[in-house]
Amino acid sequence: MKKNVIMIANPVSGGIDKSEIIQAAANFAVKENLNLVLYETSADNDTAKIKALYKEFTPERIIVAGGDGTIKLVAEALESEDFILGILPAGSSNGLARDLGLPKVIEENLPIAFHNTFLEMDMIVVNGKKSLHLSDLGLNATLIKNYHEGSMHGRWYYALQAFKTLIDTDIDFSATISCNNKLTEYQARMIVIANSKKYGTGVVINPNGVMNDGKFEIIILKNLDLFVFGKIITGNMPMESEDITIISTDKATIKTNFPVSFQMDGEYYGAETEFNIDMAPKKLKVAIP
């Protein structure tokens, strides 16, 4: 009897046509004598439909063709189930895939997604919402908001919005961080809540990040000029700077003196003044190289 594998594809993520990826996965499944069940997301009650599919086919493995948002959708829909997630990176934000060291070439990725061993990774819970990868408050979250509200997209437009955001948002905020039995106040332009090392651009923001150590890091960027912010979105930022503080913990509360923009895994969530952060250890089995 053939084993079932569910493939969940996001047809619109990253503006990438998924038909070639779906066909390559279907061909691989035939070759491996697997029964591939395809579901394409539509933003119409996806969570309930994914739960129903899982109940019907009870697969050991689920393949996702999409970005961080699609991975998070599946992880949240099936958080109480036991399965291995295989990733075929195909989104506008592939931060988790990049951090896991997954290849970009589909043919190299298929055997990993369908067969390889897994990492049992942690998730971070911020104000009740789960984050797989990186969240932040302040400047970068405002940039993501401005970028998604704009009429154009692409790398050059992103760079233009980064410059505009830095000029227009020339204000820092006061943040009181309670963790590890300490209460400390910081002036910051941006605070990152990180489960891993890199942004989707490949920039290392958290050199201490390990996705299955039961800890997350809070990275406080106290001063961000155009040079450093440029490094964050395009290159490798100077971690030795005295303007950067990194705290490792498993629970924290951040309170700000006014509502600050917040994003999680590349999705903007509005502005808040309080962020309650917890660790959800070993929440997701992800296939790795």
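Count along the sequence shown starting at 1, add 16, and that's the number in this note's numbering. Using N, Cα and C, we set each Cβ at its ideal position, and we do this for glycine too. Small disclaimer: the values here were computed from a predicted structure and weren't measured.
Look at the beta carbons and you see the region 128–148 touching the region 224–240: at least three pairs across the two are nearer than 8 Å. In this structure the region 188–204 does not lie against the region 79–96, because fewer than three pairs of beta carbons, one per stretch, are closer than 8 Å. Non-local C-beta neighbours of E290 in its own chain, meaning closer than 6 Å and more than five positions away in sequence, comprise K271, ordered along the chain. Here G102 carries a strand assignment [DSSP, helix/strand/coil].
The C-beta separation of I79 from G111 comes to about 18 Å, leaving the pair out of contact by the 8 Å criterion. Distance between S29 and S35, taken at the CA atoms: about 13 Å. Secondary structure note for N51: its beta strand (DSSP E) is the uninterrupted segment L50 to E56. Shown here for E165: not one same chain residue has a beta carbon closer than 6 Å to its own, the five before and five after excluded. Between N43 and N20, the CB-CB gap reaches or exceeds 8 Å.
The distance from the Cβ of K231 to that of T265 is about 6 Å, consistent with a contact at the 8 Å cut-off. Residue environment: S151 is assigned as buried (16 or more neighbouring CB atoms within 10 Å of its CB, all protein chains considered). N125: member of the alpha helix (DSSP H) spanning I122 to H131, first to last residue. Around the C-beta of P305, fewer than 16 other C-beta atoms lie within 10 Å, and the residue is accordingly described as exposed.
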